[in-house]
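Using the numbering used here, the first residue of the first sequence is number 165, and each one after it goes up by one.
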Amino acid sequence: MDIKKLEAWYESNHRKLLFRETSDPYKIWVSEIMLQQTQVETVLPFFKSFIKKYPTVERLAKTDQETLKKDVEGLGYYRRFKYMLLAAKQIVDKNSGFPSKYQDVLALPGVGKYTAGAIMSIAYNEPYSALDGNVIRVLSRYLNLNDDFRVEKNKKNLDQINQEIIESARPRIYTQSLMELGALICRPKNPKCEICPLNEHCIAYELNIQETLPVMAKLKDKKEFNYITLKLYDKNDQIVLRKRTESLLEGMYEYPQFESESIFDVISTLESNGVVIDVINKEMNYKHIFTHQIWYMKVFEARLLKGKDLSWMMVDKEKIKQLPMAVAHRKIK
DNA sequence: AATCCGGGGTT
DNA sequence: AACCCAGGATT
Numbered sequence: 165m166d167i168k169k170l171e172a173w174y175e176s177n178h179r180k181l182l183f184r185e186t187s188d189p190y191k192i193w194v195s196e197i198m199l200q201q202t203q204v205e206t207v208l209p210f211f212k213s214f215i216k217k218y219p220t221v222e223r224l225a226k227t228d229q230e231t232l233k234k235d236v237e238g239l240g241y242y243r244r245f246k247y248m249l250l251a252a253k254q255i256v257d258k259n260s261g262f263p264s265k266y267q268d269v270l271a272l273p274g275v276g277k278y279t280a281g282a283i284m285s286i287a288y289n290e291p292y293s294a295l296d297g298n299v300i301r302v303l304s305r306y307l308n309l310n311d312d313f314r315v316e317k318n319k320k321n322l323d324q325i326n327q328e329i330i331e332s333a334r335p336r337i338y339t340q341s342l343m344e345l346g347a348l349i350c351r352p353k354n355p356k357c358e359i360c361p362l363n364e365h366c367i368a369y370e371l372n373i374q375e376t377l378p379v380m381a382k383l384k385d386k387k388e389f390n391y392i393t394l395k396l397y398d399k400n401d402q403i404v405l406r407k408r409t410e411s412l413l414e415g416m417y418e419y420p421q422f423e424s425e426s427i428f429d430v431i432s433t434l435e436s437n438g439v440v441i442d443v444i445n446k447e448m449n450y451k452h453i454f455t456h457q458i459w460y461m462k463v464f465e466a467r468l469l470k471g472k473d474l475s476w477m478m479v480d481k482e483k484i485k486q487l488p489m490a491v492a493h494r495k496i497k
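Structure, rendered in structure tokens:
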């Protein structure tokens, strides 16, 4: 591996990212949790306001799950922030600062092998492999590895290789340079191999098969759901919301919705539970795509005439925007 | 080892 | 519309 060329490339070409202007392990940790499955550009504004509001782990530990969910609304995978708050409380309870040993970092809720390696190498400059999607792409091309990297065993092998490399590199620079190279040069499509600092010994480039790597098994098809979604107003013109308890979007608020294709079925189901609604008009159809699901939502405006579900809460229309709500419903107008 | 967790981007 | 991207926890 041309580590010297790679690190030199990084030092003169990397983006100036707000969360890389520090080696405060707390801030590195926050950024790495946000960056899980999420693009840099998406994370930046969230990180900025988050650190302004929660400059220290002590300040973060004092907040509550619902406030935190609202702070990160739109980032997705909200469970990671549930774990983030649990971890912050653990750290503050122990009163020994942000952990600095690999095993202690790895033991934090929501921190796996990648995130622990990223924190150790970027914040503490210690040689621990951080194998994310970018690094997998760069190394699989450089070494021409045809393994399916959705298979855990293959990731583990590559992680071992990366561990050996980082032990003779400058960890803080090395980890960031591989990720930056993956984002800017060694991109999934149209990689800029001509200007890549690793092109001299990149096997995939030599064979011109760089775009076929890395091999990733196809994900299974998404499951589709049809919902009747209600913008339901009570007599005081307040709107009915429900706080989700399901593991999907847990703790986020939503308009009441029912798995059905027919508003008439929903009306009769509600009536058999003592709830009477008067449908005013059909609004729009919405589609929302998750990783494993697609929601087709038929939205109706309705008036609540009688009864209510125990899980419902009445909210002033203007207050909706203050509550954490998934994009799937936030986009309903 | 397989499945569950969002959301945004590109083609 | 169809494709791409991708860590951690749970089971």
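Note that CB positions come from ideal geometry on N, CA and C, so glycine has one too. Note that the structure is a prediction, hence the values are computed from the model and not measured.
Contact set for residue i: own chain, Cβ-Cβ below 7 Å, skip 5 residues either direction
{"i": "L469", "result": "V440, I441 and D442"}
{"i": "L208", "result": "L182"}
{"i": "Y190", "result": "T220, V221 and F262"}
{"i": "K246", "result": "Q229"}
{"i": "D480", "result": "Q402"}
Length of the line joining the Cα atoms of residue i and residue j
{"i": "I197", "j": "M248", "result": "8 Å"}
{"i": "Q558", "j": "Y397", "result": "A question about residue 558 goes unanswered here, because the residues of the chain that appear run from 165 up to 497."}
{"i": "R408", "j": "I431", "result": "21 Å"}
{"i": "K358", "j": "R223", "result": "First, the amino acid is wrong: residue 358 is Glu here, not Lys. Near 47 Å, if we compare the C-alpha coordinates of R223 and E358."}
{"i": "S475", "j": "E414", "result": "14 Å"}
{"i": "L498", "j": "S285", "result": "Here the chain comprises residues numbered 165 to 497, so residue 498 is not present and cannot be evaluated."}
{"i": "T279", "j": "N437", "result": "48 Å"}
{"i": "T220", "j": "E185", "result": "16 Å"}
{"i": "K226", "j": "Q254", "result": "12 Å"}
{"i": "I337", "j": "V379", "result": "27 Å"}
{"i": "E237", "j": "E482", "result": "17 Å"}
{"i": "I458", "j": "V275", "result": "28 Å"}
{"i": "Q267", "j": "V194", "result": "18 Å"}
{"i": "N259", "j": "D228", "result": "19 Å"}
{"i": "N363", "j": "Y288", "result": "30 Å"}
{"i": "R351", "j": "E328", "result": "24 Å"}
{"i": "E230", "j": "L307", "result": "45 Å"}
{"i": "D385", "j": "F422", "result": "23 Å"}
{"i": "I330", "j": "Q486", "result": "45 Å"}
{"i": "F454", "j": "F389", "result": "11 Å"}
{"i": "K180", "j": "E344", "result": "11 Å"}
{"i": "Y218", "j": "K277", "result": "25 Å"}
{"i": "G471", "j": "A252", "result": "42 Å"}
{"i": "M416", "j": "E435", "result": "26 Å"}
{"i": "L309", "j": "E370", "result": "14 Å"}
{"i": "N326", "j": "I300", "result": "9 Å"}
{"i": "S411", "j": "R244", "result": "12 Å"}
{"i": "M165", "j": "A172", "result": "13 Å"}
{"i": "K265", "j": "A271", "result": "10 Å"}
Residue range of the beta strand (DSSP E) that includes residue i
{"i": "Q457", "result": "Q457 to K470"}
{"i": "T393", "result": "K387 to Y397"}
{"i": "M478", "result": "W476 to V479"}
{"i": "H452", "result": "V440 to I453"}
{"i": "I403", "result": "I403 to K407"}
{"i": "E370", "result": "No beta strand (DSSP E) holds E370; the alpha helix (DSSP H) holding it covers I367 to L371."}
{"i": "E423", "result": "Q421 to E423"}
Supposed close pair residue i, residue j - CB separation, criterion 8 Å
{"i": "V302", "j": "L342", "result": "5 Å"}
{"i": "D312", "j": "N318", "result": "6 Å"}
{"i": "P263", "j": "V256", "result": "So it is not a contact: roughly 12 Å between Cβ atoms."}
{"i": "M478", "j": "V404", "result": "6 Å"}
{"i": "K356", "j": "I349", "result": "5 Å"}
{"i": "P335", "j": "K169", "result": "No, P335 and K169 are not in contact; Cβ-Cβ is about 17 Å, not under 8 Å."}
{"i": "N298", "j": "A347", "result": "6 Å"}
{"i": "Q340", "j": "Y450", "result": "Not confirmed; about 39 Å, so no contact."}
{"i": "H456", "j": "K387", "result": "6 Å"}
{"i": "A233", "j": "Y242", "result": "Note that residue 233 is Lys in the sequence shown here, rather than Ala. About 6 Å separates the two Cβ atoms, so the contact holds."}
{"i": "F211", "j": "D235", "result": "Wrong, their Cβ atoms sit about 11 Å apart, outside the cutoff."}
{"i": "E293", "j": "D323", "result": "The amino acid at residue 293 is misidentified as Glu; the sequence shows Ser. That pair is a contact at about 5 Å."}
N- and C-terminal bounds of the alpha helix (DSSP H) containing residue i
{"i": "D429", "result": "I427 to E435"}
{"i": "Q203", "result": "Counting along the chain, Q203 falls outside any alpha helix (DSSP H), and DSSP gives it neither H nor E."}
{"i": "M248", "result": "R243 to K258"}
{"i": "Q267", "result": "Y266 to L270"}
{"i": "A381", "result": "Premise fails: A381 is in no alpha helix (DSSP H) and is neither H nor E."}
{"i": "T503", "result": "Nothing about residue 503 can be reported from this structure: the residues present for the chain run from 165 to 497 only."}
{"i": "I300", "result": "G297 to Y306"}
{"i": "V491", "result": "V491 to R494"}
Other residues of its chain near residue i: CB distance less than 8 Å, five sequence neighbours each side excluded
{"i": "T206", "result": "L239"}
{"i": "K353", "result": "E375"}
{"i": "I427", "result": "I392, V443, K446, K462 and F464"}
{"i": "K395", "result": "I403, Y419, E447, V463, F464, E465, A466 and I496"}
{"i": "I192", "result": "F183, T186, A282, I283, I286 and A287"}
Contacting residues, own chain, Cβ-Cβ under 6 Å from residue i (five flanking each side not counted)
{"i": "H146", "result": "Nothing can be reported for residue 146: it is not among the residues displayed for the chain, which extend from 165 to 497."}
{"i": "L250", "result": "P273"}
{"i": "S424", "result": "I392 and V430"}
{"i": "I167", "result": "A333"}
{"i": "P291", "result": "I330, E331 and P335"}
Query raised in the report: Whole beta strand (DSSP E) runs in the stretch 320-350 with 3 or more residues, listed along the chain?
Result: Fully enclosed beta strand (DSSP E) runs of no fewer than 3 residues are not present anywhere in the stretch 320-350.
Requested in this report: With a floor of 4 residues, list each alpha helix (DSSP H) that falls wholly inside the stretch 169-234, ordered by position along the chain.
Outcome: Counting whole runs of 4 or more residues, the stretch 169-234 contains the alpha helix (DSSP H) stretches 189-199, 204-217 and 221-225.
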